[in-house]
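By the UniProt record's numbering, the letter at position 283 of the sequence shown is numbered 283, and the numbering carries on one by one without gaps.
For every residue, glycine included, the Cβ atom is placed at its ideal position computed from N, Cα and C.
These notes concern the structure reproduced below.
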Amino acid sequence: MTRHLTRAPVAASPSFSSSGGFAVAILGAAGGIGQPLSLLMKRHPMVTSLRLFDVAPLAKGVAADVSHVDSAARVDGFVGDTQLGAALHGADVVLIPAGVPRKPGMTRDDLFNVNAGIVRDLTAAVATHAPAAILLVISNPVNSTVPIAAEVLKTRGVYDPKKLMGVTHLDVMRARTFVADAVGGEEDGERRRASERPSYDVPVVGGHAGVTILPLLSQTKPFPRGGFSEKEIASLTDRIQNGGTEVVEAKAGAGSATLSMAAAAAEFADLALRGLAGERGAWGCAYVDGGGGSEIKARGLEFFASKVRLGRRGVEQIAGLGRMTPGERVGLEKACEELRGSIAKGKAFVAAGG
Ligand code: NAD
Ligand code: LMR
Numbered sequence: 001m002t003r004h005l006t007r008a009p010v011a012a013s014p015s016f017s018s019s020g021g022f023a024v025a026i027l028g029a030a031g032g033i034g035q036p037l038s039l040l041m042k043r044h045p046m047v048t049s050l051r052l053f054d055v056a057p058l059a060k061g062v063a064a065d066v067s068h069v070d071s072a073a074r075v076d077g078f079v080g081d082t083q084l085g086a087a088l089h090g091a092d093v094v095l096i097p098a099g100v101p102r103k104p105g106m107t108r109d110d111l112f113n114v115n116a117g118i119v120r121d122l123t124a125a126v127a128t129h130a131p132a133a134i135l136l137v138i139s140n141p142v143n144s145t146v147p148i149a150a151e152v153l154k155t156r157g158v159y160d161p162k163k164l165m166g167v168t169h170l171d172v173m174r175a176r177t178f179v180a181d182a183v184g185g186e187e188d189g190e191r192r193r194a195s196e197r198p199s200y201d202v203p204v205v206g207g208h209a210g211v212t213i214l215p216l217l218s219q220t221k222p223f224p225r226g227g228f229s230e231k232e233i234a235s236l237t238d239r240i241q242n243g244g245t246e247v248v249e250a251k252a253g254a255g256s257a258t259l260s261m262a263a264a265a266a267e268f269a270d271l272a273l274r275g276l277a278g279e280r281g282a283w284g285c286a287y288v289d290g291g292g293g294s295e296i297k298a299r300g301l302e303f304f305a306s307k308v309r310l311g312r313r314g315v316e317q318i319a320g321l322g323r324m325t326p327g328e329r330v331g332l333e334k335a336c337e338e339l340r341g342s343i344a345k346g347k348a349f350v351a352a353g354g
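Written out as structure tokens, the structure reads:
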């Protein structure tokens, strides 16, 4: 079977009409990611209830604002701990973009001290009020916040590994963009019409920080005529791995990627919703328990980003890593080494009582 990462137009699946719509909660909805993500989810045809939660009172204003967008979803704003349960009750999908973003010179791991506790507490609320929901964690450092969420759900007795995912889809989106730019530019110096822009699927595996972001350019589909030169592989890999830093530096202290992240999170949430609705072709990349298949399991890594198929129960299939080039194998070693520490750090945080 050919497994293409599913490019995700925000459109209703044919099987959706029988499902009656889904409830989506966004925790951190007043933030840089949360606001545009709220807008995009309001426009999603499968969403009938959108709950916008934040500790900042602005969440009510964001809810009032996006509620004027003409689509089926009812929108409610929730502020503060006392309203968190109501925001989550009955949610099918929960997105967490709550937490602080990077400033220039910081690594994602530098956010751990603040964001670990935020993700821990929000996940505990999910365990209580929406234990069956699909939980999509955006807050950084994803390589550690997802293991934190898993440990919290385990201690509450509601952990379902199929339903917890770290959102790494922005790396896939960047890979598609940068590859299309590179290949398009090489083949045709003229400005293309939008409909002629080449479109590529590039699996990005590993994790979501620096060398753990491992684009498998050799598995690009369709594979570009003439392939990639060694120089192109080096520069594309570097740009994909450092795309987040590129935005952090361009924003010069005012935050990290928000608009592209909202677009990526909405595309990934669309896959999750289409899977819930019973569609069978909803493939994407995410940081999941058991990711990477047997090869990664043999290395003792619990979490790894890889291609997954989303279905009614969440992650229903995890693809193996496929054939990798020697250069990609070198990258895999580096990714695994760093991931081991990030996963252990997240687990230790919960074990120590956070
Ligand atoms: P932001 O500061 O603009 O917004 C964060 C929001 O979270 C704020 O509205 C804040 O009030 C809210 N918040 C803080 N604590 C909360 C809590 N306990 N409950 C609910 N809401 C809470 O930040 P941003 O730019 O939106 O980024 C948010 C996070 O997403 C950061 O950690 C950032 O690093 C991460 N991020 C991840 C990716 C990815 O690819 N996974 C991409 C971009 C950013
Ligand atoms: C990104 O990749 O843009 C995010 O993880 C935000 C960041 O800190 O780079």
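- In this structure, Ala-335 lies away from Leu-37, with their beta-carbon atoms at least 9 Å apart.
- Under the three-state reduction of DSSP output, Gly-353 falls in the coil class, being neither helix nor strand.
- In the pairwise beta carbon analysis, the segment 138 to 149 is classified as touching the segment 159 to 178: at least three pairs are separated by under 8 Å.
- By the criterion of a C-beta distance shorter than 7 Å, Thr-212 is surrounded in its chain by Asn-143, Gly-206, Ala-335, Glu-338, Leu-339, once the five residues flanking it on both sides are discounted.
- Annotation: Ile-33 is outside any alpha helix (DSSP H) and is labelled neither H nor E by DSSP.
- The beta strand (DSSP E) runs lying completely inside the segment 205 to 278 and spanning 3 residues or more are 213 to 215, given in chain order.
- Taken through DSSP and simplified to helix, strand or coil, Val-158 comes out as coil.
- Taken through DSSP and simplified to helix, strand or coil, Leu-321 comes out as coil.
- Sequence-distant Cβ neighbours of Lys-103 in its own chain, meaning closer than 6 Å and more than five residues away, are Gly-253.
- For the pair Asp-76 and Ala-63, the CB atoms are nearer than the 9 Å cut-off.
- A straight-line Cα-Cα distance of about 7 Å links Met-261 and Ile-33.
- Only residues of its own chain outside the window of five on either side were considered, and among them Ala-30 have a CB closer than 8 Å to the CB of Leu-58, listed in chain order.
- Between Val-288 and Val-330, the CB-CB gap reaches or exceeds 9 Å.
- Measuring C-alpha to C-alpha distances from Leu-52 to each of Asp-92, Leu-88, Ala-282 identifies Leu-88 as the nearest.
- Looking at the DSSP output, Asp-54 sits in a beta bridge with Val-79.
- Ser-294: member of the alpha helix (DSSP H) spanning 293 to 298, first to last residue.
- Nearest Cα to Arg-309 within the set Val-158, Val-66, Leu-271, Arg-323: Leu-271.
- Not a single heavy atom of the ligand NAD lies less than 8 Å from the C-beta of Asn-113.
- The beta-carbon distance between Leu-50 and Val-94, rounded to whole angstroms, is 12 Å. This is too long to meet the 8 Å contact definition.
- For Ala-125, the enclosing alpha helix (DSSP H) begins and ends at 112 to 129.
- Nearest C-alpha to Gly-184 among Ala-124, Gly-227, Gly-255: Gly-227.
- The three-state reading of DSSP puts Thr-107 in coil, since its state is none of H, G, I, E or B.
- Taken through DSSP and simplified to helix, strand or coil, Arg-340 comes out as helix.
- Taking non-hydrogen atoms of the ligand NAD into account, the C-beta of Val-142 is found less than 8 Å away from one of them.
- Short note on Ile-148: C-beta not closer than 8 Å to any heavy atom of the ligand NAD.
- Not one heavy atom of the ligand LMR lies closer than 8 Å to the C-beta of Thr-48.
- Residues Gly-320 of the same chain have their beta carbon placed closer than 8 Å to that of Ser-294, with the five preceding and five following residues left out of the count.
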